[in-house]
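Remarks on the structure that follows.
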Amino acid sequence: MIGTGHYLFLSLALFLIGVVGVVTRRNVIIILMSIELILNAVNINLVAFSRLVGSVEGQVFAIFIITDAAAEAAVGLGIIIAFFRNRETVLADEMDLLKW
Amino acid sequence: MRPSEYFLAHIWLVPLFPLAASAVMLLFGRKLSNSLVSVFCVGSVALSLVYGFGAIFQLIARPAAERVVEFALFNWIPAGPMHTTSGHLVNFNAQWGFLFDPLTAVMVGIVTGVGFLIHVYSIGYMAHEGGYYRFFGYLNLFMFSMLTLVLANNILLMFVGWEGVGLCSYLLIGFYFLKKSAADAGKKAFIVNRIGDAGFLLGIFLLVGTLGTLNFSELRGAIVAGHFAVGDAALTAIALLLFAGATGKSAQIPLYVWLPDAMEGPTPVSALIHAATMVTAGVYMLVRTNAIFAMAPRALAVVAVVGAVTAIFAATMGVLQNDIKRVLAYSTISQLGYMFLACGVGAFSAGIFHLLTHAFFKGLLFLGAGSVIHAVSGEQDMQKMGALGGKIRTTYLTMLAATLAIAGIPPLAGFFSKDEILARAFRANHALWLVGWLTAGMTAFYMFRLLFLTFHGTSRVPHEVERHIHESPSNMTVPLIILAVLSIVGGWIGIGGRFERFLEPVTQSAPASTAGETPEAALMIASVAIALGGIGLAWFLYIKRTELPDKIAASFGGLYRLVYNKYYVDQIYDAMFVNRTKDLGLTLGAFDRTFIDGLGVDGTGWLTRATSVISIFWDKWIIDGIVNLVANVVRVLSIPVRWLQTGRVSSYAGFIVLGVLVLLGFYLHAAGYTLANLRP
Amino acid sequence: MAHALQASLEAVKPFLLPLIYAVAIVAALPLIAGYMVLMERKVMAHMQVRLGPVRVGPHGLLQPIADAFKLLLKEDIIPENADRLVFWLAPMLSMTAAMLAMAALPFGPGFQIADLNIGLLFVVGISSMGIFGTVLGGWASNSHYSLLGALRSAAQLVSYETAAGMAVVGALLLAGTLSLRNIVEMQENTGMWFLFVAPVGFFIYLVASIAETNRAPFDMPEADSELVAGYMTEFSGFRWALYFLAEYTNMIVVASIATTLFLGGWLRPFPTTHWLNFLDWLPAALMLGLAGYSLYRAPKQPVMIQKFVMVLVAGMFVACAAILVAPMVATHIAGASSMALLVASWKPALHGGFWFLLKVFLYIYLFMWLRYTFPRYRFDQLMRLSWQFLIPVSIVNVMGIALGLALHRQWGWSYWVALPMTTAITLLIAAALARTGEKKEKDEAVVGEFWGTGRDA
Amino acid sequence: MLDRIVFDLFAGLAILSAILVVTRRNVIHSAIFLITALLATAGIFLQLHAEFLFIVQIILYVGGIMVLFVFVIMLVNLDVALHQMQFRRQWWVGLLLAIALGAETAAAIYIGRLGLPGPETAPPASVLEPNTEMVGHALFSAGGYMLPFEIASVLLLVAMIGAVVMAKRRT
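These protein sequence lines map, in sequence, to chains A, B, C and D.
Per my numbering, the very first residue in the first sequence carries number 3; after that it's consecutive.
Per my numbering, the very first residue in the second sequence carries number 94; after that it's consecutive.
Per my numbering, the very first residue in the third sequence carries number 165; after that it's consecutive.
Per my numbering, the very first residue in the fourth sequence carries number 19; after that it's consecutive.
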């Protein structure tokens with residue numbers, strides 16, 4: 003039988019993969035995708051616990067997180083488009099105007 | 094003041110309308126359309142015309158004894174108590190006040206009436222000129238200043254208007270400021286006027302010091318109170334200084350030189366400012382302050398002589414001019430000479446009378462000349478005109494009327510006033526009369542010379558111009574007609590001394606004309622005769638035997654050249670004053686450059702530079718040294734931080750992960766977990 | 165041994181019927197789609213006063229089969245430097261999404277693969293995944309026409325899904341459940357199709373569904389005259405057939421959703437008004453009529469074999485009629501015998517299926533009709549229609565229905581007063597919106613200029 | 019038994035495609051695998067009897083957000099990007115950090131396993147039935163998460179405006 007632990011490990015795995023993507027990739031779009039992965043991992047946790055506790059609130063939070071993900075994706079992609087128009091690139095480490 | 098007398102109560106509005114209009118023009122005029130501009134300005138002048146004439150009629154409606162209205166809007170310069178030279182303690186206070194009496198009434202009538210006509214005329218004349226709104230703005234500003242001048246109840250406020258009209262005259266002479274000659278003429282007028290005004294100002298100061306008041310209505314009282322004897326030195330000095338101002342403004346010898354050049358301005362300006370109104374300000378001022386002049390017979394004598402000499406001198410110059418407007422300019426000067434002659438012999442009312450009629454016909458003459466110039470598309474040289482009489486009939490007829498008037502042919506306006514003056518002059522001094530008489534003849538001669546050269550004889554107009562010779566539009570001809578009517582009938586108000594009696598309250602202090610019979614009729618006949626003689630001569634020379642003038646010119650070569658070049662007066666002035674002034678300026682400039690700049694400023698600069706070497710050293714090595722030291726320390730310290738701050742998203746994310754790692758480890762440790770717990 | 169078999173059979177049993185249904189649908193769909201194509205071509209032909217395909221088989225009845233064979237036998241071309249993986253994946257994606265949506269649709273009272281408690285959302289969500297088929301296909305074939313078509317369709321589908329979703333929500337409020345079967349039963353209880361309760365929602369869904377299936381006048385993604393064939397340009401043979409199939413399956417899906425939500429699913433018109441019961445005879449009558457028509461056409465056929473086929477068709481129709489009538493008359497003929505009762509018990513299934521399919525095909529016929537009636541929209545007009553008219557109106561519609569229901573439940577208004585009133589309000593607002601929209605026609609829509617497919621497109 | 023199979027299937031699919039997302043060179047492929055991962059996660063949700071969340075995941079994530087991603091990728095598509103270096107030069111640092119974190123968290127979970135009740139103690143699925151209605155009540159009942167829900171809607175509005183403003187071509 004499947005216990006909550008399984009779900010926790012699954013979400014941990016997804017989370018780590020997402021982190022690796024965020025930290026190592028150069029392409030901003032893929033970084034955003036990795037962030038989506040992380041959010042999903044969190045969702046799995048929430049749902050698993052809501053199942054464990056037998057209350058629906060975890061799922062409600064998951065819904066909120068999905069909402070956030072939507073907003074974040076919209077804004078992030080908007081930024082990417084604007085940036086791409088100016089700099090003709092989508093590489094994260096060329097976005098270092100902060101450095102100066 | 095009676096409640097019924099609305100206009101007298103609101104006389105102070107008269108100058109305000111043009112002021113408002115000019116303010117609007119000079120602020121927003123650029124954005125307004127021409128039609129709107131004309132509506133504004135002419136409308137404002139029309140309003141002041143209505144108010145002015147309303148006031149005049151209500152003044153006349155009063156009984157002769159009470160024809161004086163004076164009131165102040167506010168205290169302008171309340172200087173407080175002071176001692177006059179005669180030791181009186183007076184409380185000097187210059188108000189912003191208005192005095193409305195018969196003399197002012199006449200002036201207001203002239204200014205608003207002729208001003209309005211000329212405004213209407215300008216709508217047509219300036220239609221195709223640039224700076225339409227600018228022109229009308231200046232013109233309205235002039236109206237304001239002139240009305241302030243004539244309505245002022247004290248010399249100081251009068252002086253404000255006086256300077257105002259001077260400014261407007263300068264602006265309008267230089268209206269075409271891109272034309273060098275125009276700009277120069279403006280400057281010339283302004284500077285020459287300054288000379289006169291300097292005298293005027295001194296006169297005012299002296300007046301304040303002597304009488305302690307500037308209000309016209311108080312002058313007489315102050316003189317009486319001061320127990321001044323006739324011919325008192327101070328009063329004479331004041332009178333002469335005021336007259337100096339008058340010579341400047343009214344173009345009398347020796348300060349007349351600016352008026353001919355002032356013809357560079359647009360013709361309506363010449364008509365309004367340099368014929369009808371402004372140049373007569375001097376005469377007005379004299380009459381206004383006649384209380385003083387009456388106490389200074391020597392000064393009066395000077396005035397009379399200057400006037401007479403100016404009259405004949407200008408007349409001679411006018412004889413040989415070819416520029417139509419310049420002829421009129423010299424004629425104006427000589428007519429002004431007449432007025433001063435009148436004042437000089439104590440016939441103030443006659444002077445004002447001539448001023449009135451002169452305003453009519455000289456304004457008309459200028460407008461007519463403008464109409465002619467308009468017709469021959471800008472040509473001003475009479476050599477290039479002729480036989481225009483048939484083509485521009487209205488202009489011709491009106492100008493004929495004006496010419497007859499100025500020549501003193503009865504029963505036109507000029508006849509009455511001039512005859513009055515000559516009569517009084519004869520009574521005072523036969524020599525003066527003789528001069529006036531000759532001048533009358535010359536006037537008739539050169540005015541008809543102008544008329545014949547312009548309208549009669551053979552046409553000398555170039556063909557391409559001749560094709561589009563045309564009568565001016567109605568808004569130009571109508572004023573001509575009105576003025577023509579006035580210059581025909583305008584003189585009749587003087588018949589039987591009615592005009593003189595009207596002015597009594599102002600000129601009462603005039604010395605009673607020395608008794609003794611004067612052959613009025615004989616003088617009349619004589620002046621008419623010489624006028625006719627002049628006309629005949631002009632006809633003979635310029636219609637009958639057109640070749641003669643050149644012959645005569647040839648035979649009198651030297652004299653001719655002398656007169657033709659206006660007695661070289663301008664050159665003499667240049668040589669005597671202008672260039673000397675320039676030299677002085679140059680010298681001073683050289684002094685400034687060498688001593689002030691060279692030694693003072695540059696020397697100081699050099700000294701400073703020299704001394705600054707030390708502070709340079711200090712700054713460079715000590716101050717900057719400290720700064721750089723601090724900066725270097727910071728830089729060295731910042732190396733590890735800079736290594737952390739890559740400015741890259743990913744690395745920051747990496748640091749976040751690191752932080753989570755550490756925190757989680759810390760919590761586990763705090764919770765007391767160790768690797769031992771990993772054992773199942 | 166036998167016992168284990170028994171057990172395994174027991175385990176499989178609940179999945180048995182759904183499996184059968186699924187196999188049936190998957191097997192039947194291509195055929196149905198093919199004949200829909202034929203029907204479309206025929207309708208087009210008759211609207212343009214032509215005959216349409218008549219060569220293959222009587223009246224070209226076998227044309228779809230021939231087309232299918234042709235497509236299957238064609239060479240399968242994958243263009244140079246196309247992205248092979250995605251190129252291979254895309255058509256399948258479309259097809260899968262379309263097919264998967266079928267799983268929750270109730271074709272009849274009993275005829276449904278799975279009655280999910282989120283059935284409606286399931287269908288909507290799954291069919292929304294069809295976009296990827298289009299977009300990825302367009303991108304993968306690495307051609308400008310395709311990419312442009314793909315982008316267009318992505319934009320178009322996303323925007324119209326919103327409108328369709330809101331329209332669906334309207335019906336959802338009325339039904340109060342997500343299970344499609346319950347929705348239909350709800351309409352049965354109301355005694356009235358939701359079409360008559362919430363017409364605005366239905367029409368919004370109509371327009372939106374046309375756009376979602378990329379059909380004229382909204383066929384931007386494959387506008388032949390502008391972008392060769394849009395995202396399908398580089399596809400040929402079997403992959404193209406898949407796209408084609410997916411398109412028609414989608415049509416069936418949206419039609420089924422519309423039928424289920426607004427047209428009362430498998431119910432006959434006014435299911436609860438008894439004096440209309442004679443409508444139960446309509447299916448049989450229709451079948452007989454068709455049979456008569458084919459018999460009437462039979463002698464006119466040029467070739468012997470064709471005459472024969474026509475007669476065969478007529479016979480088929482008669483058989484259908486018999487099947488449809490049987491349950492209704494069984495008890496009258498054979499009394500209350502168990503056999504008769506069994507036959508009679510088929511009635512809801514048979515008639516339900518008939519009505520459902522009838523409505524679906526009428527809906528699709530409407531699609532075709534519109535396709536041959538209206539010119540194609542410009543892209544910015546398309547976007548403006550969705551964002552500036554349909555979506556606002558659908559939102560207003562949802563609010564209106566909610567208000568009506570609140571009035572009905574909280575304040576006890578009559579159902580038949582509250583809802584028509586709110587509907588009227590919605591219509592008024594819609595009219596106002598349309599007016600303003602016409603005013604805005606002049607300036608270019610934001611979306612249009614953003615995609616550069618504005619006036620100049 | 020069946021439960022186990024389903025879980026292993028979905029979990030394996032999710033992890034595999036997640037790894038592919040992070041490692042693929044071509045962005046579109048990453049997007050496709052992300053879609054797969056999301057669908058697998060949805061499957062996990064379904065297995066957890068969160069049907070509503072399952073469909074929300076599909077509609078919002080797959081049908082909405084991912085379309086947006088694919089869209090932007092096509093707009094921003096750079097062939098040069100394919101030939102550039104895909105990973106940062108210090109990629110191994112990130113990897114090490116992640117592994118360390120993973121080990122630590124795994125240890126934490128493993129240690130805390132005793133605190134987690136087993137599946138048998140978990141309440142029956144019927145507790146969360148009917149799922150959609152319960153979520154709805156939790157979201158919209160005034161005592162529940164109404165205010166956060168409204169705030170979330172405002173957040174979405176703001177995000178929408180922001181995205182439009184940023185992506186719109188300045189003319």
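Quick reminder that beta carbons are idealized off the backbone N, C-alpha and C, glycines included.
Here the structure is a predicted model, which is why all the values come from computation and not from measurement.
Residue-level contact to chain D via CB, A/Met35, 9 Å cutoff: As a position in the first sequence, residue 35 of chain A is number 33, starting the count at 1. Closer than 9 Å to some Cβ of chain D, the Cβ of A/Met35 qualifies, so yes.
Separation of C/Ala504 from C/Ala498, as counted between CA atoms: Counting from 1 along the third sequence, the entry for residue 498 of chain C is found at position 334. Counting from 1 along the third sequence, the entry for residue 504 of chain C is found at position 340. Rounded to whole angstroms, C/Ala498 to C/Ala504 spans 6 Å at the Cα level.
Residue environment, B/Ile366, which counts as buried when at least 16 other CB atoms sit within 10 Å: To locate residue 366 of chain B, count along the second sequence from 1; it is residue 273. Residue burial annotation: B/Ile366 is buried, with at least 16 other C-beta atoms found within 10 angstroms of its C-beta.
Contact set for C/Gly283: own chain, Cβ-Cβ below 7 Å, skip 5 residues either direction: Here residue 283 of chain C is taken as the residue at index 119 of the third sequence, counted from 1. Within the same chain, C/Gly283 has close Cβ partners Ala268, Leu342, Ser343 and Leu344.
B/Pro572, DSSP secondary structure in three states: For the purposes of this step, residue 572 of chain B is identified with residue 479 of the second sequence, where counting begins at 1. Three-state result, B/Pro572: helix.
Completely contained alpha helix (DSSP H) runs for the stretch 41-126 of chain D, where each covers 4 or more residues: 45-65, 69-74, 84-93 and 97-101
Pairwise C-alpha distance: B/Met175 and B/Ile466: Within the second sequence, residue 466 of chain B is the residue found at index 373, counting from 1. Within the second sequence, residue 175 of chain B is the residue found at index 82, counting from 1. The C-alpha of B/Met175 is placed about 57 Å away from the C-alpha of B/Ile466.
Chain A within 9 Å of B/Val742, Cβ atoms only: Working through the second sequence from its first residue, we reach residue 742 of chain B at position 649. Interface residue, yes.
D/Gln108 at chain B interface by Cβ criterion, 9 Å: Residue mapping note: residue 108 of chain D aligns to position 90 of the fourth sequence, counting from 1. So yes, D/Gln108 belongs to the interface.
The stretch 400-419 of chain B contacting the stretch 557-567 of chain B, beta-carbon criterion three pairs below 8 Å: Contact fails: fewer than three Cβ-Cβ distances are below 8 Å.
Sequence-distant residues of its chain with Cβ nearer than 6 Å to B/Met432 (five each side left out): Against the second sequence, residue 432 of chain B aligns to sequence position 339. Result list for B/Met432: Val376, Gly444, His447 and Leu448, in chain order.
Under 9 Å between C-beta atoms of C/Pro286 and C/Leu280: Walking along the third sequence from the start, residue 286 of chain C turns up at place 122. Walking along the third sequence from the start, residue 280 of chain C turns up at place 116. One point to set straight first is that residue 286 of chain C is Phe, not Pro, in the sequence displayed. Cβ atoms of C/Phe286 and C/Leu280: closer than 9 Å.
Within 9 Å, strictly: CB atoms of B/Ala408 and B/Leu531: Working through the second sequence from its first residue, we reach residue 408 of chain B at position 315. Working through the second sequence from its first residue, we reach residue 531 of chain B at position 438. For B/Ala408 and B/Leu531, yes; Cβs fall inside 9 Å.
Helix, strand or coil at B/Ala172 according to DSSP, with G and I counted as helix: Taking the second sequence and counting its residues from 1, one reaches residue 172 of chain B at position 79. Note: B/Ala172 maps to strand in three-state DSSP.
Distance, D/Leu27 Cα to C/Val176 Cα: In the third sequence, residue 176 of chain C corresponds to position 12, counting from 1. In the fourth sequence, residue 27 of chain D corresponds to position 9, counting from 1. The straight-line gap from Cα to Cα measures roughly 20 Å.
For A/Arg27, three-class secondary structure by DSSP: Within the first sequence, numbered from 1, the residue matching residue 27 of chain A stands at position 25. Of the three classes helix, strand and coil, the one that applies to A/Arg27 here is strand, per DSSP.
Nearest-angstrom beta carbon gap, C/Asn561 and C/Gly334 [assumed within contact, 8 Å]: Along the third sequence, one-based indexing puts residue 334 of chain C at 170. Along the third sequence, one-based indexing puts residue 561 of chain C at 397. Yes, C/Gly334 and C/Asn561 are in contact; Cβ-Cβ is about 5 Å, under 8 Å.
9 Å Cβ cutoff, A/Val21 in contact with chain B: The sequence position of residue 21 of chain A within the first sequence is 19, counting from 1. Answer yes: the Cβ-Cβ gap between A/Val21 and chain B drops below 9 Å somewhere.
Outcome for C/Lys523 when other beta-carbon atoms lying within 10 angstroms are tallied against a minimum of 16: Looking up residue 523 of chain C in the third sequence gives position 359. The residue is buried, with at least 16 neighbouring Cβ atoms inside 10 Å.
Cβ of B/Ala746 within 9 Å of any chain A Cβ: As a working mapping, residue 746 of chain B is identified with position 653 in the second sequence. Judged by the 9 Å Cβ criterion, B/Ala746 is in contact with chain A.
Sub-9 Å separation of B/Pro361 and B/Ile211 beta-carbons: In the second sequence, counting from the first residue as 1, residue 361 of chain B sits at position 268. In the second sequence, counting from the first residue as 1, residue 211 of chain B sits at position 118. Result yes, Cβ atoms of B/Pro361 and B/Ile211 sit closer than 9 Å.
Cβ of D/Leu115 within 9 Å of any chain B Cβ: Locating residue 115 of chain D in the fourth sequence gives position 97, counting from the first residue. It does: the Cβ of D/Leu115 has a partner Cβ on chain B nearer than 9 Å.
Delimiting residues of the beta strand (DSSP E) encompassing B/Gln188: In the second sequence, counting from the first residue as 1, residue 188 of chain B sits at position 95. Run containing B/Gln188: Leu182 to Phe193, per the beta strand (DSSP E) assignment.
Cα-Cα separation between B/Gln738 and B/Ala746, rounded to whole angstroms: The residue given as residue 738 of chain B occupies position 645 in the second sequence. The residue given as residue 746 of chain B occupies position 653 in the second sequence. Taking the straight line from one Cα to the other gives about 12 Å.
Secondary structure of B/Val162, DSSP reduced to three states: Working through the second sequence from its first residue, we reach residue 162 of chain B at position 69. Strand at B/Val162.
Endpoints, the alpha helix (DSSP H) within which B/Trp699 is located: The residue labelled residue 699 of chain B in the question sits at position 606 within the second sequence. Where B/Trp699 is concerned, the enclosing alpha helix (DSSP H) stretches over Gly696 to Phe710.
Rounded Cβ spacing between C/Leu459 and C/Leu488 (contact assumed at less than 8 Å): Against the third sequence, residue 459 of chain C aligns to sequence position 295. Against the third sequence, residue 488 of chain C aligns to sequence position 324. The pair is not a contact, with the Cβ atoms about 19 Å apart (cut-off 8 Å).
Three-pair Cβ contact test at 8 Å for the stretch 263-271 of chain B versus the stretch 297-305 of chain B: Fewer than three beta-carbon pairs drawn from the stretch 263-271 of chain B and the stretch 297-305 of chain B are found closer than 8 Å, and the two stretches are therefore not classed as touching.
C/Ser323 and C/Trp551 closer than 9 Å at C-beta: Here the question's residue 323 of chain C lines up with position 159 in the third sequence. Here the question's residue 551 of chain C lines up with position 387 in the third sequence. Less than 9 Å divides the Cβ of C/Ser323 from the Cβ of C/Trp551.
Residue burial classification, B/Tyr635 (beta-carbon count within 10 angstroms, cutoff 16): For the purposes of this step, residue 635 of chain B is taken as the residue at position 542 of the second sequence. Counting Cβ neighbours within 10 Å, B/Tyr635 comes out buried, since at least 16 surround it.
Proximal residues, the stretch 61-72 of chain D versus chain C, C-beta separation under 9 Å: Glu69, Phe70 and Phe72
Proximity to C/Ala588 [Cα-Cα], best of C/Leu571, C/His572, C/Ile565 and C/Ala230: Here the question's residue 588 of chain C lines up with position 424 in the third sequence. For the residues C/Leu571, C/His572, C/Ile565 and C/Ala230, the minimum Cα distance to C/Ala588 belongs to C/Ile565.
Helix, strand or coil at B/Asn725 [DSSP, three-state]: Numbered from its first residue, the second sequence carries residue 725 of chain B at position 632. B/Asn725: helix per DSSP, three-state reduction.
Residues near C/Leu337 in its chain [Cβ-Cβ closer than 8 Å; skip 5 each side]: Residue mapping note: residue 337 of chain C aligns to position 173 of the third sequence, counting from 1. So the list reads Val562, Ile565, Ala566 and Leu569, once near-sequence residues are dropped.
Sequence-distant residues of its chain with Cβ nearer than 7 Å to C/Arg535 (five each side left out): The sequence position of residue 535 of chain C within the third sequence is 371, counting from 1. Arg379 and Ala380.
Whole-angstrom distance between B/Val438 and B/Ala608, CA atom to CA atom: Taking the second sequence and counting its residues from 1, one reaches residue 608 of chain B at position 515. Taking the second sequence and counting its residues from 1, one reaches residue 438 of chain B at position 345. Here B/Ala608 scores only 46 on pLDDT, less than 50, and its place in the model is too uncertain to base an answer on.
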